[in-house]
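Asker:
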Ligand SMILES: [Zn+2]
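Residue numbers (the numbering used here): -8 to 132.
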């Protein structure tokens, strides 16, 4: 996996939990997401105050679940205020640090800009990207 963001907070596991876990909806493995990152992307984080447990991000395009807890709690796409290309929103973003749409991402100059910025550690994927991980990982190929 790409580690372009320098292995910051996003890579650190909270609660010493396993770094991946099967999504309760689709069964595919999701990777841990920092709790604070999840709160930044929920529509009403105060209303779905998460339990003190590790949370994971499901990056499956078809799966309606975005976040899930180790107790099986699932948080659906509709509960997020962030739209994501990777979760099938056509108007969602590919890069959250620089607001790159699917259309922008097709421009090689834009991709080069992002690669240069991530290399210079000018990105903020650990909070701005709902997955808590580098946006380049989810760039349209
Ligand atoms: Zn899933």
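By construction, the Cβ of each residue, glycine as well, lies at the ideal position given by its N, Cα and C atoms.
Is the stretch 57 to 67 close to the stretch 82 to 101, with three or more CB pairs under 8 Å?
Answerer: Not touching, per the Cβ criterion.
Asker: Using the Cβ count rule (16 or more neighbours within 10 Å means buried), how would you classify residue 119?
Answerer: Counting Cβ neighbours within 10 Å, residue 119 comes out buried, since at least 16 surround it.
Asker: Count the other CB atoms, across all protein chains shown, that sit within 10 Å of the CB of residue 25; report buried if there are 16 or more and exposed otherwise.
Answerer: Its Cβ being crowded by 16 or more others within 10 Å, residue 25 is buried.
Asker: Going by C-alpha distance, which of 65, 20, 129 and 7 is nearest residue 75?
Answerer: Out of 65, 20, 129 and 7, 129 has the C-alpha closest to the C-alpha of residue 75.
Asker: Using alpha carbons as the reference points, say which of 15, 99, 37 and 105 lies closest to residue 54.
Answerer: It is 15.
Asker: Quick check: what's the CA-CA separation for residue 107 versus residue 22?
Answerer: Computed Cα separation, rounded: 25 Å.
Asker: Give me the Cα-Cα distance between residue 9 and residue 115, rounded to the nearest whole angstrom.
Answerer: Answer to the nearest angstrom: the Cα atoms are 24 Å apart.
Asker: Residues around ligand 1, please: the ones whose beta-carbon is closer than 7 Å to some heavy atom of it, in chain order.
Answerer: Qualifying residues come out as 14, 16, 17, 19, 21, 49, 51, 54 and 56.
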